[in-house]
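Single-structure report; data block below.
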Amino acid sequence: MCRSIKTLRPPAIPEDATEEEIRAAALQYVRKVSGFRAPAAHNREVFDRAVDAVADATAALLADLEVRGAARAS
Numbered sequence: 000m001c002r003s004i005k006t007l008r009p010p011a012i013p014e015d016a017t018e019e020e021i022r023a024a025a026l027q028y029v030r031k032v033s034g035f036r037a038p039a040a041h042n043r044e045v046f047d048r049a050v051d052a053v054a055d056a057t058a059a060l061l062a063d064l065e066v067r068g069a070a071r072a073s
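First residue of the sequence shown? That's 0 in numbering that gives the first Met the number 0, and the numbers climb one at a time after it.
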């Protein structure tokens, strides 16, 4: 499952990762860690919160990374 998570930083992708790409990666991560492709109704809220938290952390990471040899866009 996690093999489908792609690198989201330049130069692996030509532009900044989109919100949709970040959320898709977060969803794949939470699916892998939880062992559920789709959570049961009683786990939906906690599953969705985890995806949100991972997406937020991923966006912050990508925003703050400094890739040597690449110009930082600000």
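The beta-carbon is built from N, C-alpha and C at its ideal position, and this holds for glycine as well.
E44: member of the alpha helix (DSSP H) spanning R43 to D63, first to last residue.
When the five nearest sequence neighbours on each side are left out, the beta carbons in the same chain lying within less than 7 Å of the beta carbon of L64 are those of R8, in order along the chain. Just so you know, the alpha carbons of V50 and A25 end up roughly 5 Å apart. With 16 or more other Cβ atoms inside 10 Å of its own Cβ, T57 counts as buried.
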